[in-house]
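Sequence order for the protein chains is A and P.
Counting along the first sequence from 1, when you hit position 61 you're at 61 in the numbering used here, and nothing is skipped either side.
Counting along the second sequence from 1, when you hit position 58 you're at 576 in the numbering used here, and nothing is skipped either side.
Just so you know, even glycine gets a beta-carbon here, dropped at the ideal spot from N, CA and C.
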Amino acid sequence: MESSFKLGPAIILVIVLIAFIGIGVGHKAKDQDDYWAAGRGIGRIGAGAAIASNWMSAASFLGMAGLLYLKGYFALAYVIGWTGGYVMLLVLMAGQIRRFGKYTAADFIGDRFESQAARLIAALTAIIISLTYAIGQYKGIAMMFQWVFGMPYATSVIVGTAVVLAYIIIAGMLGATKNMQFQYCIIITAFIFPLIFIAKKLGYFYLIPEIGYGSAVWDLGHKFAGVTTAAGDSLENLKYVQPWGIGSTYKWIALCFTLMVGTAGLPHVLSRFYVVPNTRDARWSVVWGLFFIGLLYWSSPAYAAFARVQNAIAGVQPVKALADAIVVTAAENAGLPQWFCGYLAAGAISAAFSTVSGLLLAAGGAVSHDIYYRIVNPNASESSRMMVSKVAVFGLGLIVIIFALKPFALIAQIVAMAFAIAGNTIFPTFLLGIWWSRSNKQGCIAGMLVGLFLTAFFFFWGKGNSHWLAQLIPFTSSSLILMPVALFTNIIVSSMTPPPSKEIRKFLCEQVHGIEFD
Amino acid sequence: MSEDRYHINIFKPNGEFQKTEISYIWLILAIWGIATYGFQILLRIVQRNPQGESFLTDMNFLGFPFHYWFTGQFLIILFILLCIWFNIMIDGLEDRMGKGDVA
């Protein structure tokens with residue numbers, strides 16, 4: 001990874017970015033409904049590609065391969081957490097959320113629990129989650145800008161955000177949705193093809209490198225098992241393959257569970273269900289989305305294993321600092337032509353951009369729709385809501401820049417916190433909101449506040465703490481304990497206070513669950 | 519009485535449709551949970567050393583150590599199949615009960 005200006009990759013990157021904006025401009029948002037729901041005419045496969053593109057971030061594209069490169073089997077908890085969460089989302093919520101018919105997570109919570117306070121807390125939580133998660137994308141963006149243009153971190157953060165903002169504000173969500181399918185194509189082709197090249201170079205089965213890397217993992221556990229490194233024996237090849245060589249069973253399960261409930265509670269994931277015409281399409285779009293996400297997640301462990309084998313053959317030690325760039329370095333080491341490495345970098349940037357734009361839109365929606373329109377000024381005209389939304393997206397973009405320039409923790413930890421917050425606040429509230437009609441506003445508010453407070457507490461107190469409680473509730477994997485805590489807080493407080501109105505329970509039965517009473 | 523019937527509880531299904539729907543949900547979640555977490559616990563139970571080595575890690579499958587293949591590749595395939603199966607079951611249930619999809 002040298003950081004000098006590279007012409008070929010730079011040209012490819014610029015072409016891809018111009019294409020994004022060009023496609024966005026071709027599909028201007030006509031009104032608020034169009035802006036949010038993007039016409040509702042994109043079909044199951046299209047909606048699935050949008051789910052996948054919205055989902056696949058720099059963390060998926062670069063960070064996951066980096067973690068797998070360092071932590072082997074332990075890091076498979078990320079792969080499984082980030083895919084398994086969709087199963088839970090589908091069976092427990094997808095159809096019901098679609099039938100409830102609200103645009104944002106806060107809208108759902110405010111209407112279901114008949115409380116403006118709950119709406120406000122949910123909106124603020126959604127904004128915190130979106131911003132934290134967006135900040136997490138900048139390491140990836142900066143690393144790729146650095147590799148292509150030789151730009152320093154600060155410049156890439158500002159340039160990258162400027163491009164994202166310009167694109168969102170010009171095109172709105174209709175552009176974004178169309179764009180998302182295009183972005184998905186760029187992301188997945190950029191990710192998958194270099195693998196074939198790398199596998200062939202190393203002499204593994206290369207037609208389907210997602211299967212071929214199995215032998216690479218096997219070799220790491222046998223042929224190269226003895227390679228011990230001065231860098232610390234956690235980087236030993238044998239431990240890479242062993243189930244608990246790096247993290248304990250409990251840590252694996254806690255992490256995986258946190259990522260699963262976090263996935264099913266991320267506001268920008270939940271709001272994807274409104275862009276499909278009906279519940280059946282909403283359900284099937286999850287299948288397509290999961291398949292498209294799976295293509296990437298089957299491939300990440302392959303990059304990681306091949307990179308470790310490259311290291312073992314070259315007799316060099318795995319380097320922690322290089323982990324996040326491992327996808328590009330593995331391709332470079334295998335002698336992939338530089339222009340294709342540029343395409344790979346463009347894929348990584350697309351992944352980060354599509355996620356950042358989805359997040360900023362979700363956060364902007366929380367400000368303009370949930371806070372401004374539903375709480376502050378219910379008589380607001382369409383154009384003033386549009387205006388507030390654009391101003392909000394812009395303002396939030398600036399906040400992201402400020403935090404991204406000076407992150408308050410490691411980027412991977414910041415992303416993990418976004419998942420823990422989503423899993424400990426939004427997820428239990430949605431679960432009970434849909435599946436327990438007795439849950440009321442007091443329970444909802446108490447549950448969300450307890451979830452928020454405890455997540456923040458264990459994040460800042462538990463980090464690097466050896467106290468037994470901090471071991472039981474790992475700061476980035478707190479949901480295994482805290483999600484049930486928030487859930488039971490909601491249940492207990494709801495039981496002690498009056499039940500929700502008959503109207504909302506009727507709506508829940510007839511509309512959301514489709515029960516027909518005779 | 520008329521007020522009483524508006525209740526939803528995942529443990530107390532309201533009506534025939536929901537009873538079947540919820541049985542599907544539990545079925546899928548059970549397979550999902552056992553495959554994901556049960557397998558990790560199984561690895562732990564059969565391990566011969568604290569790093570988790572066992573016959574499951576010694577076995578070669580498609581070139582992989584078996585446990586790595588199961589978690590890294592098979593679970594995602596299983597997740598997709600579970601989602602497809604769930605959707606087919608629910609589609610069938612909706613068709614049988616005449617619950618047309620409302621846009």
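Bridge partners - residue i, DSSP secondary structure assignment
| i | result |
| --- | --- |
| Ile578 (chain P) | The sequence as given places Asn at residue 578 (chain P); Ile does not occur at that position. BP columns for Asn578 (chain P) point to P:Pro583. |
| Trp436 (chain A) | P:Asn527 |
Beta-carbon proximity list for residue i, same chain, < 7 Å, skipping 5 on both sides
| i | result |
| --- | --- |
| Ile519 (chain A) | Within the shown structure, residues of chain A are numbered from 1 to 518, placing residue 519 (chain A) beyond reach of any answer. |
| Leu17 (chain A) | Val163 |
| Leu405 (chain A) | Ala154 and Val157 |
| Gln116 (chain A) | Gly110 and Ile375 |
| Pro531 (chain A) | Outside the modelled stretch of chain A, which goes from 1 to 518, sits residue 531 (chain A), for which no answer is possible. |
| Thr279 (chain A) | Gly95, Arg98 and Arg99 |
| Gln536 (chain P) | none |
| Trp587 (chain P) | Phe579 and Leu580 |
| Met260 (chain A) | Gly81, Gly84, Gly85 and Met88 |
| Ile504 (chain A) | Arg112 and Glu114 |
| Ile528 (chain P) | Ile540 |
| Pro499 (chain A) | Arg438 and Asn440 |
| Ala305 (chain A) | Tyr213, Ala216, Val217 and Leu220 |
Sequence-distant residues of its chain with Cβ nearer than 8 Å to residue i (five each side left out)
| i | result |
| --- | --- |
| Pro152 (chain A) | Gln146 |
| Leu519 (chain A) | Outside the shown range of chain A (1 to 518) lies residue 519 (chain A), about which nothing can therefore be said. |
| Phe193 (chain A) | Phe340 |
| Thr132 (chain A) | Ile414, Val415, Met417, Ala418 and Ile421 |
8 Å Cβ cutoff, residue i in contact with chain A
| i | result |
| --- | --- |
| Phe592 (chain P) | no |
| Thr538 (chain P) | no |
| Met519 (chain P) | Only weak support is given to the placement of Met519 (chain P): the predicted model assigns it a pLDDT of 43, under 50, and the value that follows is read from those uncertain coordinates. Taking Cβ atoms only, chain A never reaches closer than 8 Å to Met519 (chain P), which makes this a no. |
| Gly660 (chain P) | The question about residue 660 (chain P) has no answer, for chain P in this structure spans 519 to 621. |
| Arg523 (chain P) | yes |
8 Å Cβ cutoff, residue i in contact with chain P
| i | result |
| --- | --- |
| Arg272 (chain A) | no |
| Pro498 (chain A) | no |
| Ile253 (chain A) | yes |
| Phe517 (chain A) | yes |
| Lys506 (chain A) | yes |
| Leu90 (chain A) | yes |
| Gln242 (chain A) | yes |
| Trp55 (chain A) | no |
| Leu76 (chain A) | yes |
| Lys139 (chain A) | no |
| Val327 (chain A) | no |
| Lys502 (chain A) | yes |
| Gly245 (chain A) | yes |
| Tyr153 (chain A) | no |
| Ile80 (chain A) | yes |
| Thr263 (chain A) | no |
| Lys239 (chain A) | yes |
| Ser215 (chain A) | yes |
| His513 (chain A) | yes |
| Leu73 (chain A) | Residue identity differs from the one stated: residue 73 (chain A) is Tyr in this sequence, not Leu. So yes, Tyr73 (chain A) belongs to the interface. |
Sequence-distant residues of its chain with Cβ nearer than 6 Å to residue i (five each side left out)
| i | result |
| --- | --- |
| Met64 (chain A) | Tyr78 and Ser300 |
| Gln442 (chain A) | Val493 and Thr497 |
| Leu432 (chain A) | Ser439 and Asn490 |
| Glu539 (chain P) | none |
| Ala470 (chain A) | Gly462 |
Residue i beta carbon near the ligand ZN (any heavy atom closer than 7 Å)
| i | result |
| --- | --- |
| Arg308 (chain A) | In the structure shown, the ligand ZN is absent, as is every other ligand, since no ligand is present at all. |
How do the stretch 192-201 of chain A and the stretch 328-343 of chain A stand: do at least 3 beta-carbon pairs fall below 8 Å, yes or no?
Yes, since at least three Cβ pairs between the stretch 192-201 of chain A and the stretch 328-343 of chain A fall closer than 8 Å, the two stretches touch.
Selection of the stretch 542-576 of chain P by Cβ proximity to chain A, strictly under 8 Å
Residues of the stretch 542-576 of chain P whose Cβ lies closer than 8 Å to any Cβ of chain A, in chain order: Tyr542, Ile543, Ile546, Leu547, Trp550, Thr554, Tyr555, Gln558, Ile559, Leu561, Arg562, Gln565, Pro568, Gln569, Gly570, Glu571 and Thr575.
Does the stretch 344-358 of chain A touch the stretch 42-59 of chain A, meaning 3 or more C-beta pairs lie closer than 8 Å?
Yes, the stretch 42-59 of chain A is in contact with the stretch 344-358 of chain A.
So, do the stretch 241-257 of chain A and the stretch 71-81 of chain A have three or more beta carbon pairs nearer to each other than 8 Å?
Cβ pair count under 8 Å is three or more, so yes.
Taking beta-carbon pairs under 7 Å, can you tell me which members of the stretch 277-301 of chain A lie near chain P?
Correct list: Pro277, Asn278, Thr279, Arg280, Arg283, Trp284, Val286, Val287, Leu290, Phe291, Gly294, Tyr297, Trp298 and Pro301.
Decide if the stretch 378-385 of chain A is in contact with the stretch 131-148 of chain A; the criterion is three or more beta carbon pairs, one per stretch, under 8 Å apart.
Cβ pair count under 8 Å is below three, so no.
Is it the case that the stretch 103-112 of chain A contacts the stretch 120-128 of chain A, given that we only count it when at least three CB pairs across the two stretches are under 8 Å?
Contact annotation: the stretch 120-128 of chain A touches the stretch 103-112 of chain A, with at least three C-beta pairs closer than 8 Å.
Quick check: the stretch 586-597 of chain P against the stretch 539-557 of chain P, are there 3 or more CB pairs under 8 Å?
Yes, the stretch 586-597 of chain P is in contact with the stretch 539-557 of chain P.
Contact list for the stretch 598-612 of chain P against chain A, Cβ threshold 9 Å:
Per Cβ criterion, the list reads Ile598, Leu600, Cys601, Ile602, Phe604, Asn605, Ile608, Asp609 and Glu612.
Is the number of C-beta pairs between the stretch 541-548 of chain P and the stretch 210-224 of chain A that are closer than 8 Å three or more?
The answer is no - the stretch 210-224 of chain A does not touch the stretch 541-548 of chain P, with fewer than three Cβ pairs under 8 Å.
Can at least three beta-carbon pairs, one atom from the stretch 128-137 of chain A and one from the stretch 411-424 of chain A, be found at a separation below 8 Å?
Touching, yes.
Meets three-Cβ-pair contact criterion under 8 Å: the stretch 277-294 of chain A and the stretch 603-615 of chain P
Flag = yes, the stretch 277-294 of chain A and the stretch 603-615 of chain P touch.
What residues in the stretch 201-212 of chain A have a beta carbon less than 9 Å from any beta carbon of chain P?
Look at the stretch 201-212 of chain A: the residues with a C-beta under 9 Å from a C-beta of chain P are Tyr204, Phe205, Glu210, Ile211 and Gly212.
Is there contact between the stretch 420-431 of chain A and the stretch 444-462 of chain A, where contact requires at least three CB pairs shorter than 8 Å?
The stretch 420-431 of chain A is in contact with the stretch 444-462 of chain A.
Quick one, which residues of the stretch 383-396 of chain A are near chain P if we go by CB-CB under 8 Å, in chain order?
Those would be none; no residue qualifies.
Taking a Cβ distance cut-off of 8 Å, strictly less, list which residues of the stretch 429-444 of chain A are near chain P, in chain order.
Within the stretch 429-444 of chain A, the residues whose Cβ lies closer than 8 Å to some Cβ of chain P are Ile434, Trp435, Trp436, Ser437 and Arg438, listed in chain order.
For the stretch 250-268 of chain A against the stretch 359-374 of chain A, are there 3 or more C-beta pairs whose distance is under 8 Å?
Contact holds: three or more Cβ-Cβ distances are below 8 Å.
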